[in-house]
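This report concerns only the one structure given below.
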RNA sequence: GGCGACGUGGCCAAGCGGUAAGGCAGGGGCCUGCAAAGCCCUCACCCCCAGUUCGAAUCUGGGCGUCGCCU
C-alpha cells in the first residue's frame, strides 16, 4: 500500500475550509480539463445527508463524481475505507486518460488518499477492543484508562493526553494487533507522498468566511434541512456512529427532541461550523505543498483561472 | 421629579478589604482506521473621579449610565 502509484498525470487536490467554494471550483476545473471529482468529505459519504453537508445536488453535477452517497448513515465508514476507494479511483480514472480531482475539507481523508498512511487491513471500526475500553473509560474515568495504557505501553501513553480517550483506545487497539502507537507515530514525522499530486488551497478572510457560513446555514434551513433530518431519523439515523455527529444534524436532532429551540439549534450550527473551519485552517496550514488562492471574492471563474494558471506551472 | 437596584473581558457570571473563579464566544495548536469527531493551550486589572486604608473590584462621597417602581 506504500508503493508509489504510477500515474500518467498527477492528481489535483482542492482543499481548504468549508464554504470557500471548493465544490464549484472542482467542478469547473473538471469540466475544463476532462476530470472526475473525488470528494474527500467524511460526511458527504452518506446517502441522504445532502442539504446539511453542502453536497452538490444531483441535477447540478456536470462531471462524474466519486465518494458521494456510498454509505448509509446508519453504517460505519472510515478513513481506511476512503483510502482504498480513492486509490482505486485514481488508477481507474488515470487508465481512462482522465484527471482525478480530489475535492474536500476532511484533511485526514485527503492525506490518507495521497500520502503513506498505513491502515491495518479490514473493516473493523466497531471492534470488541474499542467497545471494551470505551466502557472502562466510562466506568473508571479517562485517567484510569490512560494509566492502564501507561502500564502496558508507556511510550505511547507519553504521546497521548489522558483526556484524549479516543487516542488512548486506539493505542489499545494497536496493541491488540501487535503494534505500538508510539512506533507508528514515530514514522510520521515527515509527509511521505505516494500519489503524484498538486495541491490548491482556497483561503478566505476569517470574518468574511464566518459571515458566509452563517448565510449558508440560513439557506440550509430554508431548503428544508429540518425535514431532511426528520426523514433520516425515520430511517434509523441514530444507529450510525459517525453520521449523527455531523454538524447541522446533531443540532437539529436535539431541536426535534425538544432539547433546544430551532433558533438555538441554528445558532449552534453556525458556531460549530466556525470552529470546524478553524480546525480545517489549522490542519491545512502546515502542509507546505499547498498553493493558496485567495477566495475572498468567491468569483469562481476568476478562481478557476488562477488555479489553472497555477497548474500549468 | 421621587424611591430602589445595579454597573467585573465580546456575552453570561463569581467575588463583598489582601492583590480578579468558571462557562460561552474568540485566538493558537495537536491529530495515522468514528475526523463536520476527539483533545490540549490561551485571553480583564473590575464605568469615571476623589477619598478611607499598609492594601479596594470589594468601604465612603460625587459624577455618568442602565433597569425597575412611583408621582
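Residue numbers (my numbering): 512 to 824. Think of the CB as a built atom: it goes at the ideal place given N, C-alpha and C, for glycine as much as any other residue. Everything numeric in this text was worked out from a predicted model, so none of it was measured.
Residue pairing from DSSP places residue 803 in a beta bridge opposite 712.
The bridge partners DSSP lists for residue 626 are 704. By the Cβ test, the segment 757–775 is not in contact with the segment 588–597, since fewer than three Cβ pairs between them sit closer than 8 Å. When C-alpha distances from residue 515 are compared across 629, 735 and 808, the shortest belongs to 629.
Counting along the chain, no beta strand (DSSP E) covers residue 782; the unbroken alpha helix (DSSP H) around it starts and ends at 773–796.
Under the three-state reduction of DSSP, residue 547 is assigned to strand.
Across the set 552, 653 and 742, the C-alpha of 552 shows the shortest separation from the C-alpha of residue 576. With at least 16 other beta carbons inside 10 angstroms of its own, residue 779 counts as buried. Counting the other CB atoms within 10 Å of its CB gives residue 639 a total below 16, which places it among the exposed residues. Judged by DSSP secondary structure, residue 749 falls outside any alpha helix (DSSP H); it is assigned neither H nor E. Where residue 611 is concerned, there is no enclosing alpha helix (DSSP H), although the beta strand (DSSP E) around it starts and stops at 610–614. Counting along the chain, residue 679 sits inside the alpha helix (DSSP H) bounded by residues 676–687. Taking 8 Å as the cut-off, the Cβ atoms of residue 527 and residue 616 count as close. In the DSSP annotation of this structure, the continuous segment of the beta strand (DSSP E) that includes residue 526 starts and ends at 522–526. In this model, residue 731 and residue 532 are separated by some 16 Å (Cα to Cα). Here residue 713 is not near residue 624, since their CB atoms are 8 Å or more apart. Boundaries of the alpha helix (DSSP H) around residue 731: 717–733.
Counting along the chain, the unbroken alpha helix (DSSP H) around residue 596 starts and ends at 590–606. For residue 696, the enclosing alpha helix (DSSP H) begins and ends at 692–697. By the criterion of at least three beta-carbon pairs nearer than 8 Å, the segment 719–737 is not in contact with the segment 683–695. In this structure, residue 680 keeps its C-beta atom at 8 Å or more from the C-beta atom of residue 613. Between the alpha carbons of residue 709 and residue 753 lies a distance of about 29 Å. In the structure shown, residue 577 adopts extended strand secondary structure according to DSSP, grouped into three states. Where residue 661 is concerned, the enclosing alpha helix (DSSP H) starts and stops at 653–663. Assigned with DSSP and collapsed to three states, residue 760 falls in coil, not helix or strand. Between residue 698 and residue 706, the alpha-carbon positions lie close to 18 Å from each other.
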